[in-house]
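Following numbering that gives the first Met the number 0, the numbering of the sequence shown begins with 0 at its first residue and continues without gaps. What follows is a single structure, written as structure tokens, with notes after it.
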Amino acid sequence: MVGDQLEMPGMPKRLFSCTPSKLATFADCPRRYRFAYLTQPRPPRGPAWAHNTVGAAVHAALRSWWDLPVEKRTASAARQLLYSGWSPAGFRDGEQAQTWRAKAAGWLTDYVAELDPTDEPAGTERTVGATTGALALSGRVDRIDRRGDELVVVDYKTGRTPSTEDDARSSPALALYVLGVRRTLRRACSRVELHHLPSGTVAAFEHTERSLANHVRRAEDIAHDITTATEALEGGADVDAAFPPVPGQQCSWCDFRSSCPTGQAAAPARETWSFLPTEPAPAD
């Protein structure tokens, strides 16, 4: 029987397929992981968030900018790409959406002004993958730069505060992207960079084999916990024992808040524009 063959001694161990986001979801809250990846039909997600709208528009504009012919890669083109892909989703009103569209366009203008349009990346929005002893990893990298004989993982950021070297060092996603770039593109890769467009700053870290191994070990530990919880649930365990909630302030913005009484009790809901940086008061 085919099923018997799959269980034969000596057969390779089945790898756990995952993305950095999937692992992070379980690490943050097993219940949220269950809602996102296991429950069918999936519970309804919450509303769009304005800061995610900003980030998505900037990412899309930069991806499309690199797709343009070299001679058309101008600051003006970047602004037009942002305008054409802009969405008002998550903002308080149309005025706030327009204000942030202008801010994001300013970030893009300043950022692309520092780029060499002829310095073709090795990839933009490139999906990469790698395997470890327990994992089949995949993920999408914002940009992969060529720097001499090596490749560099570049991640765009549009959040409230500039990224730090510690952010670059500790990011599980960036470390796993390094492994994916090595495996997929067959080139040396150790450096990761966080490009924070609002401040125009870059935070970087050079991974070592040891630092990458530490990230892999943590990822494999999370995958093991997911597998154990899933098998327990399939074996008849109580759903909340297998995938317990982790209540806290993060429940204020959880996508599955409407389906989680524990989260509703843990923290009040936030407005969908509340993660935008505080807007300065008008000058007198």
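All C-beta atoms, glycine included, are put in the ideal place defined by N, C-alpha and C.
ARG216 versus PRO171, TYR155, ARG182, residue with shortest Cα-Cα distance
Position 217 of the sequence shown, counted from the first residue, corresponds to residue 216. Comparing Cα positions, the closest option is PRO171.
Determine, using beta carbons only, whether LYS102 and PRO161 come nearer to each other than 9 Å.
The residue labelled residue 102 in the question sits at position 103 within the sequence shown. The residue labelled residue 161 in the question sits at position 162 within the sequence shown. No. Outside cutoff.
Requested in this report: Alpha carbon to alpha carbon, how far is TRP106 from ARG190? Give it in angstroms, no decimals.
Outcome: For the purposes of this step, residue 190 is taken as the residue at position 191 of the sequence shown. For the purposes of this step, residue 106 is taken as the residue at position 107 of the sequence shown. About 24 Å.
### Task
Let me know the secondary structure DSSP gives ASP118 once reduced to three states.
In the sequence shown, residue 118 corresponds to position 119, counting from 1. If DSSP states are grouped into helix, strand and coil, ASP118 belongs with coil.
>> Rounded to whole angstroms, what is the Cα-Cα separation between CYS253 and TYR36?
In response: Counted from its first residue, the sequence shown places residue 253 at position 254. Counted from its first residue, the sequence shown places residue 36 at position 37. In a straight line, the C-alpha of CYS253 is about 15 Å away from that of TYR36.
- request: Consult DSSP for HIS50 and reduce its assignment to one of helix, strand or coil.
  value: Along the sequence shown, one-based indexing puts residue 50 at 51. Reduced to three states, the DSSP call for HIS50 is helix.
Problem set entry | Cβ-based neighbour list, GLY262, same chain, cut-off 7 Å, excluding 5 preceding and 5 following | Residue 262 sits at position 263 when you count from the first residue of the sequence shown. So the list reads PRO244, PRO246, CYS250, CYS253, ARG256, once near-sequence residues are dropped.
For this session: Would you check if there are 3 or more beta carbon pairs closer than 8 Å linking the stretch 123-143 to the stretch 171-187?
Result: yes
**OP:** Please determine, among ALA76, LEU80, ALA56, the residue with the shortest C-alpha to C-alpha distance to SER86.
**Re:** Within the sequence shown, numbered from 1, the residue matching residue 86 stands at position 87. Of the listed residues, the one whose Cα sits closest to SER86 is ALA56.
Q) Considering HIS194, what are the terminal residues of the beta strand (DSSP E) in which it resides? A) Start at 1 with the first residue of the sequence shown, and residue 194 comes out as number 195. Counting along the chain, the beta strand (DSSP E) containing HIS194 begins and ends at 187-195.
Margin query: Taking 9 Å as the threshold (C-beta atoms), are PRO29 and ALA265 in contact?
Written below: To locate residue 265, count along the sequence shown from 1; it is residue 266. To locate residue 29, count along the sequence shown from 1; it is residue 30. Not in contact: ALA265 and PRO29 (Cβ atoms no closer than 9 Å).
- Query: How should ARG31 be labelled, buried or exposed, when 16 other C-beta atoms within 10 angstroms of its C-beta is the threshold for buried?
  - Reply: Residue numbering aside, residue 31 sits at position 32 when the sequence shown is read from its first letter. By the neighbour-count rule (16 or more Cβ atoms within 10 Å), ARG31 is buried.
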